[in-house]
Amino acid sequence: MKKLVLALCLIALSCVAVLPAMADGVPLPGDSVYQVDARAEDQAGQAVVWSSLRGRPTIVSMFYANCHLMCPLIIASGKALQGRLPPEQRDALAFAMISIDPARDTPAALREVAQMHRLDTAHWRLLRPEDNDVRTLAAALGIRYRAQPDGSFNHTSVLILLDRDGRIVARSEVAGLQPDPGFVSRVREHLSDATLATD
């Protein structure tokens, strides 16, 4: 199987990832973020290959469990978005929250976050990437972050809609209990189109 090389740069640091040319026997689009060869584990401690998220439209973001301000608002925005969707669209949409602090965000810590926010784990996955994959995933998603001396992180607060093949469809940097109306509309439109495409 041929592999491509994607050079990703973030904050003047070059990150090189080896790209899988295929997923499930079907080539990934060239602009798919699932081209990034990354590994993680979820809140259940199960190993996850990043490209295995392919197959469902997915909202992705990055966070860390020890954050007590913006990260809870990011999760709240995702839940509020979920609540604005009709049941069939809600069932079709997945959520993936990717940790930028894998040293501390163990599966147990991720489970605690899921329980605290009452996340439906049938739709939400909290992922702890391998250390060397965090920056690569952040670069692929256009998310900036920087560790602070006190152990906190400055990072982009964003929800990103990926199509079922991992192409970025829309993004919103509005975090809070009320979701970004324009983003909600874009998600609904995309899920309607995706449903029609599979009928």
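So the sequence shown is residues -23 to -1, 1 to 176, counted in mature numbering (1 follows the signal peptide of the UniProt record, and there is no 0). We put the beta carbon where it would ideally sit given N, CA and C, even for glycine. Predicted model only: the values in this text are computed from it and were never measured.
Backbone secondary structure at residue i - three-state DSSP
i, result
"residue 11", "helix"
"residue 48", "helix"
"residue 100", "coil"
"residue 5", "coil"
"residue 131", "strand"
"residue 42", "coil"
"residue 163", "helix"
"residue 57", "helix"
Distance between residue j and residue i (C-alpha atoms, nearest Å)
i, j, result
"residue 83", "residue 19", "9 Å"
"residue 141", "residue 14", "17 Å"
"residue 97", "residue 127", "32 Å"
"residue 114", "residue 37", "11 Å"
"residue 78", "residue 121", "13 Å"
"residue 111", "residue 91", "20 Å"
"residue -21", "residue 109", "Note that residue -21 scores 37 on pLDDT, short of 50, meaning its location in the model is unreliable; the coordinates nonetheless yield the value given after this. Taking the straight line from one Cα to the other gives about 19 Å."
"residue 134", "residue 150", "6 Å"
"residue 145", "residue 16", "20 Å"
"residue 132", "residue 63", "31 Å"
"residue 124", "residue 86", "19 Å"
Distance CB(residue i)-CB(residue j) smaller than 8 Å
i, j, result
"residue 171", "residue 4", "no"
"residue 100", "residue 57", "no"
"residue 130", "residue 11", "no"
"residue 76", "residue 106", "yes"
"residue 55", "residue 136", "yes"
"residue 154", "residue 147", "no"
"residue 94", "residue 52", "yes"
"residue 61", "residue 161", "yes"
"residue 9", "residue 143", "yes"
Residue i burial status per 10 Å Cβ neighbour count (16 or more: buried)
i, result
"residue 167", "buried"
"residue 69", "buried"
"residue 24", "exposed"
"residue 46", "exposed"
"residue 159", "exposed"
"residue 59", "buried"
"residue 81", "exposed"
"residue 74", "buried"
"residue 156", "buried"
"residue 116", "buried"
Enclosing alpha helix (DSSP H) for residue i [first to last residue]
i, result
"residue 64", "64 to 69"
"residue 24", "Looking at the DSSP string, residue 24 is not in any alpha helix (DSSP H); the run it does join, the beta strand (DSSP E), is 24 to 26."
Residue interval of the beta strand (DSSP E) (run including residue i)
i, result
"residue 19", "16 to 19"
"residue 85", "It is not in any beta strand (DSSP E) - residue 85 instead sits in the alpha helix (DSSP H) that spans 84 to 93."
"residue 124", "122 to 124"
Proximity test, Cβ basis, 8 Å: residue i and chain D
i, result
"residue 162", "No chain D is part of this structure, which consists of one protein chain only."
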